[in-house]
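Peer 1:
In this note's numbering, the protein residues as written are 17 to 352.
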């Protein structure tokens, strides 16, 4: 019986030792697998800047009457296409025209009074009193001329005329025959003057310059990449913003004949700010820092040695290696 227990105890001990060896091997293998490795190679390194773009238009006309009144005629609706200098709407001009006629009659009366006064006093010696009378008459005549001109402008301003060719995007006065106020408007946008506007802060605007190309991806068309180019970069900050930002304008290489790109659409605008070809580069996560020095863990034989490296340009996920590594070296990220 004792021999049986002795044999059972030895078997249990050997089984425990074997289980420990297997567990240790599994843990070691798991730890080794968790250490990511990377083989150093030459590749292109690109640094990009991504900004949010919004579609705007240089020729965006918001037209309003200078005063309120009865709307006599409205000739457009939202979505219509108009030509430059085409009439869009008009106020009832009868009152303004009658007032203009009255002012013309008053002008003629003042004019004749002035001419008669000059003729009556042509042979007299002009003293200070007579000179003042003539000057007063001249002032009255000048005022009459100004009144006529103002009324003529009032007649002209009673009609809204589009200054640009484009699309009517807004009509606040859809029905004629009703009274309107001076805040109601008609808006006309020229789609050929549309551009993409991006706002860059103080740390970013220095990377932008006129003529720089961009890759534009509209939120409405996420699978399409459209070329763009900067046409201007503002010298002064954009007014009305909560922070100091500068506006850059871009034109698109794609045509907009079907009005696919519309006012207010947003996009991601990607700029390549610097690019290096065929350089040694590794993922940034493999580079560690200690006491202002950069280092990596490099495979040397069966060991992983800590190697100091000198780095250069950095992109979103890669960093250039200037010295310390050569092509084909294997490095490890022990933090994983």
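Backbone N, C-alpha and C fix where the C-beta goes; we use that ideal spot for every residue, glycine too.
Does residue 71 pass the burial test, meaning 16 or more other C-beta atoms within 10 Å, or should it be called exposed?
Peer 2: Sixteen is the threshold: when 16 or more other Cβ atoms of the shown chains lie within 10 Å of the Cβ of residue 71, as they do, the residue is buried.
Peer 1: Residue 300 by DSSP, collapsed to three states: which one?
Peer 2: helix
Peer 1: Would you call the segment 295 to 309 in contact with the segment 238 to 251, where contact means no fewer than 3 C-beta pairs closer than 8 angstroms?
Peer 2: No, because fewer than three Cβ pairs between the segment 295 to 309 and the segment 238 to 251 fall closer than 8 angstroms, the two stretches do not touch.
Peer 1: Can you list, in chain order, the residues of its chain whose CB lies under 6 angstroms from that of residue 185, leaving out five sequence neighbours each side?
Peer 2: 203, 205
Peer 1: Going by alpha carbons, who is nearest to residue 283 out of 266, 274, 217, 273?
Peer 2: Nearest C-alpha to residue 283: 266.
Peer 1: For the 8 angstroms Cβ check, are there 3 or more pairs between the segment 285 to 296 and the segment 73 to 93?
Peer 2: Contact between the segment 285 to 296 and the segment 73 to 93 is absent, because fewer than three Cβ pairs lie under 8 angstroms.
Peer 1: Tell me the residue span of the beta strand (DSSP E) that contains residue 263.
Peer 2: 261 to 268
Peer 1: Here's the rule: buried if 16 or more other CB atoms are within 10 angstroms of the residue's CB, otherwise exposed. What is residue 363?
Peer 2: In this structure the chain extends from 17 to 352, so residue 363 is not present and cannot be described.
Peer 1: Beta strand (DSSP E) containing residue 325: first to last residue?
Peer 2: 319 to 330
Peer 1: Going along the chain, which residues of its own chain have a beta-carbon closer than 8 angstroms to the beta-carbon of residue 300, five neighbours each way excluded?
Peer 2: Within the same chain, and ignoring the five residues on either side of residue 300 in sequence, the residues whose Cβ sits closer than 8 angstroms to its Cβ are 330, 333, 334, 335.
Peer 1: Helix, strand or coil: how does DSSP classify residue 209 here?
Peer 2: helix
Peer 1: Hey, quick one: how far does the beta strand (DSSP E) through residue 229 stretch, first residue to last?
Peer 2: Counting along the chain, the beta strand (DSSP E) containing residue 229 begins and ends at 229 to 234.
Peer 1: Just reading off the beta strand (DSSP E) that residue 88 is part of, what are its end residues?
Peer 2: 85 to 90
Peer 1: Across which residues does DSSP place residue 245 in a beta bridge pair?
Peer 2: 229, 267
Peer 1: What distance in whole Å lies between the Cβ atoms of residue 228 and residue 287, which are believed to be in contact at a cut-off of 8 angstroms?
Peer 2: 6 angstroms
Peer 1: Determine the contact status of residue 326 and residue 315, defining contact as a CB-CB distance below 7 angstroms.
Peer 2: no
Peer 1: Tell me which same chain residues have a C-beta within less than 8 angstroms of the C-beta of residue 60, skipping the five on either side of it?
Peer 2: Closer than 8 angstroms at Cβ, skipping near neighbours: 291, 292, 293, 294, 295.
Peer 1: Give the DSSP-derived three-state secondary structure of residue 312 in the structure shown.
Peer 2: strand
Peer 1: Closest by CA to residue 237, which one among 249, 277, 193?
Peer 2: 277
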